[in-house]
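Trainee: Quick one: this structure, given as structure tokens, is what I'll be asking you about.
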Amino acid sequence: MEGVSTQQFIAEEFGGKVETLDEMLKLWKSNSHLLQAGDSIPTLDDLLKDSKKAPTNTKIAVVPKQPNDSDLSSLRNIRLLEAYISASTSAILYKNNPKGWDIGNPAEAADFITKSADTQFRVITQGLPSVLNFGPAVSQSFNKQVTTADLHFEFLNGLFADFNFSKDILSELDGVLNKVRDSLEALKLSWSDQTQTLNHLVSFHYPVKVMNTELNDWKLRLFYLQVNQHSWRVSVGKSSIGKVDFKMNYFDYVSNFNDGQFERNQDTIQNYIDSLTKQGFEAIEKLTTPVAVKTDETLNQGGAPNLRLAVKSDPRSFTDEEKAEIIGDDIVNLVSNLGDLDITSPEQVYTDVKRIMDKLAEDVSERAKEVVEKK
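Okay, so the sequence shown: first residue is 44 according to the working numbering, each after it adds one.
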């Protein structure tokens, strides 16, 4: 397991960059008349539908058992965020390949899934800097000999071990994965290059309780999976009692979701999505809405996710000297800042603490990137 900077990973894997949300909206405002008509639009709609038939991103949102108004607002913003990500991904795919893909052809389906997953990963990690602030990735590998019946359980425990989910929640998540697996299995994927992997994203939106309040901060845990194609073929071809060697590498990211910033552009974003498709925003939203998993469990996986990723995920990732360099004087400054809070106003305390912790996460993340790049 090792820390990998997001920008370094993107540069090594894909090269280039994608336009940010702000750049896309600015371009759309100045050129929206160019996007309103043309024979290309139905093909882009087809790409969105193909993404449902050939899933490249499993989207999950944890919904509190009794969500408050703030949670409902954040969940609406998450739905809009996912709609934007899917529409932008399809627009980039169409631009690069106007003829589209025949997902009834196993080779073209595999190519579509790879390119779609990779493009969507770039849109999420590179195209939304004002909304999602990812720290260094943690790279991990999953290499086990298991029966296909136990594979999902082992897989889920590997990805979501930090959350300590109950069996009921894991069972719900397993149901989601089974649907994705069935959809991919039906495509009978085929690769011409034996080194290629089956790439897939898991976008996991979840709330974290803000201390001493009834409010939640929302975060996005993003897993970028690269499944060995031989492992995939064997796993879908075996009976539930047959053992397989399942090999997969994945990259684990965490980000705060700045939904306030996103909400300020809500109308423009919806209009932008409308301009890309003849289906209308509501139809696109139905195609792209995350699967809801309800829980009354308290998720305490945060405060400063980048700090957790950079320093706490694996004590072998950094030496004591490197940890000291990463954290610097932040803990001293944190205590000092908390001591200056105006505790007569609970709402102001929440706002100030969130601002302080976001700044701490950002500072630590930047220094962690610098340390990783030195290695």
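Backbone N, C-alpha and C define an ideal beta-carbon position, used for all residues, glycine too.
What residues match up with residue 420 in a beta bridge as DSSP calls it?
Mentor: This structure gives no information on residue 420, because the portion of the chain shown stretches from 44 to 418.
Trainee: Using the beta-carbon count (16 or more within 10 Å), is residue 257 buried or exposed?
Mentor: As a working note, residue 257 is residue 214 in the sequence shown. When all chains shown are included, residue 257 counts as exposed.
Trainee: Would you kindly check if the distance between the Cβ of residue 213 and the Cβ of residue 298 is under 8 Å?
Mentor: As a first step, residue 298 is located in the sequence shown; it is residue number 255 there, counting from the start. As a first step, residue 213 is located in the sequence shown; it is residue number 170 there, counting from the start. No.
Trainee: So what does DSSP say about residue 98, is it helix, strand or coil?
Mentor: As a position in the sequence shown, residue 98 is number 55, starting the count at 1. Three-state result, residue 98: coil.
Trainee: From 100, 167, 335 and 196, pick the residue whose C-alpha is nearest to that of residue 177; which is it?
Mentor: Against the sequence shown, residue 177 aligns to sequence position 134. The option with the nearest alpha carbon to residue 177 is 167.
Trainee: Do the segment 298 to 309 and the segment 231 to 246 meet, that is, are 3 or more Cβ pairs less than 8 Å apart?
Mentor: no
Trainee: Among 318, 313, 336 and 403, which residue has its Cα nearest to the Cα of residue 125?
Mentor: Translated into the one-based positions of the sequence shown, residue 125 becomes position 82. When only C-alpha atoms are compared, the closest one is 313.
Trainee: Here's the rule: buried if 16 or more other CB atoms are within 10 angstroms of the residue's CB, otherwise exposed. What is residue 271?
Mentor: The count along the sequence shown starts at 1 and reaches residue 271 at position 228. Answer is buried; the Cβ neighbour count reaches 16.
Trainee: Identify whether residue 140 lies in helix, strand or coil by the three-state DSSP scheme.
Mentor: As a position in the sequence shown, residue 140 is number 97, starting the count at 1. Residue 140 falls in the coil class under three-state DSSP.
Trainee: Flag this pair as touching only if the segment 155 to 172 and the segment 124 to 144 have three or more C-beta atom pairs under 8 Å; answer yes or no.
Mentor: yes
Trainee: Exposed or buried, what is residue 264 when buried is set at 16 or more other beta-carbons lying within 10 Å of its beta-carbon?
Mentor: Walking along the sequence shown from the start, residue 264 turns up at place 221. Result: buried.
Trainee: So residue 188 and residue 288 are supposed to be a Cβ contact under 8 Å. How far apart are they, rounded?
Mentor: Within the sequence shown, residue 188 is the residue found at index 145, counting from 1. Within the sequence shown, residue 288 is the residue found at index 245, counting from 1. Right, the Cβ-Cβ distance comes to about 5 Å (below 8 Å), so this counts as a contact.
Trainee: I'd like the list of long-range same chain contacts for residue 331, defined as Cβ closer than 6 Å, with 5 residues on each side in sequence excluded.
Mentor: Here the question's residue 331 lines up with position 288 in the sequence shown. 125, 126 and 129, listed in sequence order.
Trainee: If you drop the 5 nearest sequence neighbours on each side, which residues of the same chain put their C-beta closer than 6 Å to that of residue 220?
Mentor: Stepping through the sequence shown from its first residue, residue 220 is reached at position 177. Closer than 6 Å at Cβ, skipping near neighbours: 195.
Trainee: So residue 150 and residue 248 are in contact, right, with Cβ under 8 Å, and what is the actual spacing, rounded?
Mentor: Here residue 150 is taken as the residue at index 107 of the sequence shown, counted from 1. Here residue 248 is taken as the residue at index 205 of the sequence shown, counted from 1. Not confirmed; about 33 Å, so no contact.
Trainee: CA-CA distance, residue 274 and residue 254?
Mentor: Numbered from its first residue, the sequence shown carries residue 274 at position 231. Numbered from its first residue, the sequence shown carries residue 254 at position 211. Taking the straight line from one Cα to the other gives about 43 Å.
Trainee: Which ranges does the alpha helix (DSSP H) cover as unbroken runs of at least 4 residues, wholly within the segment 191 to 219, from first to last along the chain?
Mentor: 191 to 203
Trainee: Going by DSSP, which residues form a beta bridge with residue 240?
Mentor: Sequence index remark: in the sequence shown, residue 240 carries index 197 (1-based). DSSP lists 271 as partners of residue 240.
Trainee: Considering Cα atoms alone, identify which of 110, 208 and 138 is closest to residue 319.
Mentor: Numbered from its first residue, the sequence shown carries residue 319 at position 276. Residue 138 is the option with its Cα nearest to residue 319.
Trainee: State buried or exposed for residue 170, treating a residue as buried only when at least 16 other CB atoms are found within 10 Å of its CB.
Mentor: Numbered from 1 along the sequence shown, position 127 holds the residue referred to as residue 170. Buried: at least 16 other Cβ atoms inside 10 Å.
Trainee: Considering residue 318, what are the terminal residues of the alpha helix (DSSP H) in which it resides?
Mentor: Translated into the one-based positions of the sequence shown, residue 318 becomes position 275. Residue 318 -> alpha helix (DSSP H) spans 309 to 319.
Trainee: Can you tell me which residues form a DSSP beta bridge with residue 292?
Mentor: In the sequence shown, counting from the first residue as 1, residue 292 sits at position 249. DSSP, once it has assigned bridges, lists 184 and 269 as partnering residue 292.
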